[in-house]
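K.L.:
Sequence positions in the sequence shown follow the working numbering and run 165 to 341. C-beta: ideal position from N, C-alpha, C; glycine also. Computed from a predicted structure; not experimentally measured.
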Amino acid sequence: MRTFDLILLAFLTFANLWLSWWISIRQKRFHGIFRFLSFECIILLVLFNYPVWFRDPLCWYQVISWILLTGSAIVAYFGFYQLYRYGKPGDQMEETTQLVTTGLYRYIRHPLYLSLILGGFGCMMKDPVWIPVALSVINLIALYMTAMVEENEMLKKFGTEYALYIKETKMFVPFVL
Numbered sequence: 165m166r167t168f169d170l171i172l173l174a175f176l177t178f179a180n181l182w183l184s185w186w187i188s189i190r191q192k193r194f195h196g197i198f199r200f201l202s203f204e205c206i207i208l209l210v211l212f213n214y215p216v217w218f219r220d221p222l223c224w225y226q227v228i229s230w231i232l233l234t235g236s237a238i239v240a241y242f243g244f245y246q247l248y249r250y251g252k253p254g255d256q257m258e259e260t261t262q263l264v265t266t267g268l269y270r271y272i273r274h275p276l277y278l279s280l281i282l283g284g285f286g287c288m289m290k291d292p293v294w295i296p297v298a299l300s301v302i303n304l305i306a307l308y309m310t311a312m313v314e315e316n317e318m319l320k321k322f323g324t325e326y327a328l329y330i331k332e333t334k335m336f337v338p339f340v341l
């Protein structure tokens with residue numbers, strides 16, 4: 165990595181640490197610890213692969229990459245929109261006051277984490293060699309752990325309503341997982 169890449173990595177890591185970890189821990193919510201690891205993997209995937217981002221744009225792995233990245237952006241857009249519109253957040257986005265069970269949330273409990281999974285694999289497919297593949301697998305595991313911890317937090321917050329919601333929906337992929 166070049167010096168600029170290392171400085172950018174340090175800056176983004178500090179910002180990620182503050183946003184993902186510090187805010188969550190202050191609120192006694194611990195899913196941010198695993199989410200921090202996910203964001204770090206995505207940052208590293210982008211830094212490793214940005215030199216080849218547009219190289220050979222019509223090869224099969226670049227096409228798959230763009231499909232995954234586009235899907236990630238679409239899922240993120242609708243996930244954030246529906247969370248803000250129906251979740252009635254307080255001062256911060258993570259302080260939803262109402263359980264969202266419509267739109268994407270009707271089928272999956274974690275569309276925003278799905279968007280990060282798709283984004284991670286999309287970044288990996290820009291140059292699918294061993295380091296990006298390993299980072300995308302770590303990203304997937306970190307987001308699964310994030311979702312598991314967050315589900316326990318949501319059970320405490322929303323109780324029976326969330327327990328029923330778990331039974332009616334899948335975690336990441338509608339009708340599958």
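Say whether the stretch 211-223 touches the stretch 287-305, bearing in mind that this needs 3 or more beta-carbon pairs closer than 8 Å, one atom from each stretch.
P.N.:
Yes: at least three Cβ pairs fall under 8 Å.
K.L.:
Classify residue 303 as buried or exposed, calling it buried when 16 or more other Cβ atoms lie within 10 Å of its own Cβ.
P.N.:
Buried, since its Cβ has 16 or more Cβ neighbours within 10 Å.
K.L.:
Would you decide whether residue 239 is buried or exposed? Buried here means 16 or more other CB atoms lie within 10 Å of its CB.
P.N.:
So residue 239 ends up on the buried side.
K.L.:
To the nearest angstrom, how far is the alpha carbon of residue 251 from that of residue 237?
P.N.:
So the alpha carbons of these two residues sit roughly 20 Å apart.
K.L.:
Candidates 231, 272, 262 and 279: which alpha carbon is nearest residue 241's?
P.N.:
The shortest Cα separation from residue 241 among 231, 272, 262 and 279 belongs to 279.
K.L.:
Less than 8 Å between the beta carbons of residue 277 and residue 311, yes or no?
P.N.:
Yes, Cβ-Cβ distance for residue 277 and residue 311 is below 8 Å.
K.L.:
What residue from 166, 171 and 200 has the CA that sits closest to residue 308's CA?
P.N.:
Taking only the C-alpha atoms, the option nearest residue 308 is 200.
K.L.:
Can you check whether the CB of residue 227 is closer than 8 Å to the CB of residue 247?
P.N.:
Going by C-beta atoms, residue 247 is not nearer than 8 Å to residue 227.
K.L.:
Residue 260 by DSSP, collapsed to three states: which one?
P.N.:
Strand, per DSSP.
K.L.:
To the nearest angstrom, how far is the alpha carbon of residue 235 from that of residue 282?
P.N.:
Spanning the two alpha carbons is a distance of roughly 7 Å.
K.L.:
By DSSP, does residue 331 sit in helix, in strand, or in coil?
P.N.:
Three-state DSSP puts residue 331 in a helix.
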